[in-house]
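2 protein chains.
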Amino acid sequence: MRILAKDLKNAAEKGEKDIELSGWVHRIREMGALSFIVLRDRSGLVQLVLDKKYEALTLESVITARGDAALNEKAPGGAELRVSAIECISRAAADLPFQVNADATRTGIEAILDQRALSLRNPAIRAIFKVQATIIEAFSDYLRKQDFTEIKTSKIVGGGTEGGTNLFEVEYFDRKVYLAQSPQCYKQMLVASGLERVFEVAPAYRAEKHDTPRHLNEYVSLDLEMGFIESEKTLIELEKGILAHIFEEVARKNSAELELWAKTGASVPAPDAVFTAPVISYEEALKIANKESEQKKGARIFDINPDAERYVCEWALRESGIDLVFVNEFPRRHRPFYTYPLDAVRTMSFDALFRGIEITSGGRRQHNYEAQLEALPRFGIKAEGMEDYLSIFKYGCPPHGGFAIGLERLTAKILGLANVKEASLFPRDRRRVTP
Amino acid sequence: MRILAKDLKNAAEKGEKDIELSGWVHRIREMGALSFIVLRDRSGLVQLVLDKKYEALTLESVITARGDAALNEKAPGGAELRVSAIECISRAAADLPFQVNADATRTGIEAILDQRALSLRNPAIRAIFKVQATIIEAFSDYLRKQDFTEIKTSKIVGGGTEGGTNLFEVEYFDRKVYLAQSPQCYKQMLVASGLERVFEVAPAYRAEKHDTPRHLNEYVSLDLEMGFIESEKTLIELEKGILAHIFEEVARKNSAELELWAKTGASVPAPDAVFTAPVISYEEALKIANKESEQKKGARIFDINPDAERYVCEWALRESGIDLVFVNEFPRRHRPFYTYPLDAVRTMSFDALFRGIEITSGGRRQHNYEAQLEALPRFGIKAEGMEDYLSIFKYGCPPHGGFAIGLERLTAKILGLANVKEASLFPRDRRRVTP
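Here the protein sequences come in this chain order: A and B. If you use our numbering, the first sequence closes out at 415, no skipped numbers anywhere. If you use our numbering, the second sequence closes out at 415, no skipped numbers anywhere.
This is the structure:
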């Protein structure tokens, strides 16, 4: 009966004999008559000791080894398997195009992404997606406990909710449709359906020609929307609760994964600290960013651009001990047409900035039919073709709002990854559509 | 402070005064000087009693009502609110194009889908998606407890895994790519990465020109893949465990939702019964189907077609008391190129049939590089362009397999819905891409 690498020490302590381990050959080292094999399985790494050289073995081959468990302080995990028999289940070709057992923090991103099938075998690289799975689970669980319903909406849409630019076109039988930029319209429809509180974890698409360490053309959006709120402040409090829960769960479940990225500063903020994160207005944020920018670059900043995001996070870390900050009251001209106004200039909207980057955008939405109709032309949008969307508000809709967290950005910032593409299993950018 | 409809009885029992309820006006009835309003919120329906006519009120308007809670056996939920003040938060236009409070089982599917923003307000229609959310949660939780890792793979791919037909084409900057038919290649890559056990809940696309009550062009696939299995039998046992858990959770959380579809026979099998579901070979299934078919139609059946699926389920219900059956050992010609052979003719594959329809297809996969290379031309597939996929097996891959459950089909069959489109929030078919 197979046991996992993580359970070998326990087996050794009990003096168990005739243990079976299965996994990938991560490393081979020969010392005189002995061979030491590091075996990798889904739970981690473990050392096998053989009293002879096993000729056929190549790195990355899948094997099953049988033997007795023994304690060994010097072995990873504190135990090793003294092998009596080994079976090669799947022999790896010797021309490995990627060094799986290398230091991931020293491997270039192009090699990592070009050789995805192999780079994902690297324990540190694989760890990124263990953390990501925890984030998805914690996000979903937290919201379910707050009475949110999980939804799955179509990613094939007739048009864009953000004004129709930056859409990928799909040949849909005899017509053109688009890949959804966000589930915005659907989330609002479902709040108004009486579900009131909904969330979705799903891909979102932006046909932007950028190629930066911040952007993906396909990303996973952690989306939510809720009814009966008065302002974006309710949403900010909700996001604090979500992030605190995510950080708590990552700390609890993924300490080994964080350890693998210690070099890049992988860590999660203390959950309690999240609630002390400052909430400042767009105007205040601009002032803070400009103060920093003038000192550092002697240049004025006119918008919350990537530099400003970094400066404001640095300020938050100094002021509140956490590099998380919520910026609200964005000017109307910077937000989509459906944003609820605070006054003639400002809106009930917010961004969350974490470790120097925007991870969330959200706000209260316009729920008044007449006000929405009136606002459309000011954003250059025609009411024709928007009937389905407008009918949400025409037939009774509560005040509501929502936001989305970018899964890859949050993952990258927790682990200290320099490029958001590293936090996508199969990232899509302008040049990359495989594997 | 707002309370929910479901908590009113409890408030009434405690004699609570000055309660606040918010929601949608579901029904209005006037009797002499009194008005009875049925209010709908995310938790259900509740009755408001007003001692005068409230002129401005229209169906579907969103209101907040204040008053005292009182027990009333005749009211839905056993309590009512004696209203002292009412506020209209969002007045619905009077020209409702869909009767929200009608009997959903008697409303045509075209009206339901054309008026999706309003039809989703119908309690029974909304209930479909409460059940669906439970299915997703139960599927995910069960697998997490079995050490599976949730993954999110790209839906934009360079080619098809099922041979390249029936793909939707996407204009991706200056090239053509496709919407993924399934995460097959990625699931296998991630098993081989050492994650060993992975699952994904995500959209899948089939550009098939059919328009049947069984098909969607975009559906939600509950996918999984696992390493170190010997045959499809391990997968069948896993699926039994998953389905039993889903049925248990739906029974526990969604009794009210099942009740709303009692007319169409909504129910879940007893979880224990799932483990008694028969496992029969393709040949046996054909024999059973032919016996039924000859009696009923006098016609021979040459494949497990929709008629055969129905007959085999009817047989399983008679034989084992559950209309769930697993059919394995499909002939090679009926399965994709990556299916693992049992012998020259048969494969280690299976379908799960539930209440007359296939809800799952899966099996063990070919993990041997040379065998896979050899098999490709027999399926008319060239190895060129498959390098990423083939590298999974070239560099060490354990025996593995997996399957996918169609979320909408399972939801429809639990609730007794005649058309799978009813179980998709925003179904896509050849003609429908909005809302």
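Where is the CB? At the ideal position from N, CA and C, for every residue including glycine. Please read these numbers as outputs of a predicted model, since none were measured by experiment.
Listed by chain order, chain B residues near residue i by CB distance under 8 Å
| i | result |
| --- | --- |
| residue 20 of chain A | 174 |
| residue 4 of chain A | 174 and 376 |
| residue 347 of chain A | 70 |
| residue 364 of chain A | Simply none; closest approach about 13 Å. |
Chain-order list of residues whose beta-carbon lies under 6 Å from that of residue i (same chain, five-residue window excluded)
| i | result |
| --- | --- |
| residue 243 of chain B | 85 |
| residue 92 of chain A | 99 |
| residue 51 of chain A | -8 and 59 |
| residue 28 of chain B | 17, 19, 45, 61 and 63 |
| residue 175 of chain B | 129 |
| residue 78 of chain A | 95, 98 and 99 |
| residue 215 of chain A | 342, 381 and 383 |
| residue 166 of chain A | 133 |
| residue 231 of chain B | 248 |
Contact belief for residue i with residue j at Cβ below 8 Å, rounded distance in angstroms
| i | j | result |
| --- | --- | --- |
| residue 321 of chain B | residue 347 of chain B | Going by Cβ atoms, the distance from residue 321 of chain B to residue 347 of chain B rounds to 12 Å, so no, they are not a contact pair. |
| residue 302 of chain B | residue 256 of chain B | 6 Å |
| residue 194 of chain A | residue 286 of chain A | 7 Å |
| residue 204 of chain B | residue 227 of chain B | So it is not a contact: roughly 18 Å between Cβ atoms. |
| residue 113 of chain B | residue 145 of chain A | The Cβ separation is near 33 Å, so there is no contact. |
| residue 132 of chain B | residue 182 of chain B | 7 Å |
| residue 284 of chain B | residue 265 of chain B | 6 Å |
| residue 334 of chain B | residue 401 of chain B | Actually they do not touch by this definition, with Cβ atoms about 18 Å apart. |
| residue 345 of chain B | residue 380 of chain B | 6 Å |
| residue 406 of chain B | residue 150 of chain A | Going by Cβ atoms, the distance from residue 406 of chain B to residue 150 of chain A rounds to 15 Å, so no, they are not a contact pair. |
| residue 160 of chain B | residue 135 of chain B | 5 Å |
Residues near residue i by beta carbon distance below 7 Å, same chain, minus five either side
| i | result |
| --- | --- |
| residue 395 of chain B | 108, 111, 241, 244 and 246 |
| residue 260 of chain A | 305 and 307 |
| residue 13 of chain A | 31 and 32 |
| residue 97 of chain A | 415 |
| residue 270 of chain B | 280 and 281 |
| residue 440 of chain A | For chain A, the structure presents residues -19 to 415; residue 440 of chain A sits outside this window and is missing. |
| residue 337 of chain A | 194, 289, 389 and 393 |
| residue 403 of chain B | 108, 112, 388, 391, 392 and 397 |
| residue 412 of chain B | 93 |
| residue 365 of chain B | 139 |
Residue(s) in a DSSP beta bridge with residue i
| i | result |
| --- | --- |
| residue 11 of chain A | A/14 |
| residue 261 of chain B | B/308 |
| residue 78 of chain B | DSSP, once it has assigned bridges, lists no residue as partnering residue 78 of chain B. |
| residue 201 of chain B | B/182 and B/386 |
| residue 380 of chain B | B/207 and B/345 |
| residue 43 of chain B | B/3 and B/68 |
| residue 29 of chain B | B/16 and B/62 |
| residue -18 of chain A | A/0 |
| residue 398 of chain B | Answer is none; residue 398 of chain B lacks a bridge partner. |
| residue 50 of chain A | A/60 |
| residue 24 of chain A | A/21 |
Cross-chain neighbours of residue i in chain A, by beta carbon under 8 Å
| i | result |
| --- | --- |
| residue 418 of chain B | Nothing can be reported for residue 418 of chain B, as the shown portion of chain B is limited to -19 through 415. |
| residue 372 of chain B | 97 |
| residue 208 of chain B | -18 and 2 |
| residue 36 of chain B | Here the premise fails: no neighbours, minimum Cβ distance about 12 Å. |
| residue 157 of chain B | 413 |
Chain B contact residues for residue i, given Cβ-Cβ distances below 9 Å
| i | result |
| --- | --- |
| residue 127 of chain A | -16, 22 and 23 |
| residue 83 of chain A | Those do not exist, as residue 83 of chain A stays about 17 Å from chain B at its closest Cβ, beyond 9 Å. |
| residue 76 of chain A | 375 |
Neighbour list for residue i in chain B, Cβ cutoff strictly below 7 Å
| i | result |
| --- | --- |
| residue 416 of chain A | With chain A represented from -19 up to 415, any question about residue 416 of chain A goes unanswered, as that position is not in the structure. |
| residue 152 of chain A | 148 and 413 |
| residue 73 of chain A | 374 and 375 |
Contact set between residue i and chain A, taken where Cβ atoms lie within less than 9 Å
| i | result |
| --- | --- |
| residue 138 of chain B | 413, 414 and 415 |
| residue 166 of chain B | 405, 406 and 415 |
Chain A contact residues for residue i, given Cβ-Cβ distances below 7 Å
| i | result |
| --- | --- |
| residue 41 of chain B | 376 |
| residue 410 of chain B | 153 |
| residue 417 of chain B | An answer regarding residue 417 of chain B cannot be provided, because it is not within the stretch -19 to 415 covered by chain B. |
Own chain, CB closer than 8 Å to residue i, minus 5 neighbours either side, in chain order
| i | result |
| --- | --- |
| residue 68 of chain B | 36, 37, 41, 42 and 43 |
| residue 419 of chain A | Residue 419 of chain A lies beyond the residue range present for chain A, which begins at -19 and ends at 415; the question has no answer from this structure. |
Taking the runs of the beta strand (DSSP E) that are 3 residues or longer, which of them lie wholly in the segment 133 to 188 of chain A?
149 to 152, 155 to 159 and 177 to 185
Fully enclosed by the segment 224 to 259 of chain B, which alpha helix (DSSP H) runs are 4 residues long or longer?
Within the segment 224 to 259 of chain B, the runs of alpha helix (DSSP H) that reach at least 4 residues and sit entirely inside it are, in chain order, 235 to 240 and 251 to 254.
Which runs of the alpha helix (DSSP H) at least 4 residues long sit entirely within the segment 289 to 370 of chain A? Give them in chain order.
349 to 355
Any beta strand (DSSP E) of 3 or more consecutive residues that is wholly inside the segment 81 to 141 of chain A:
none
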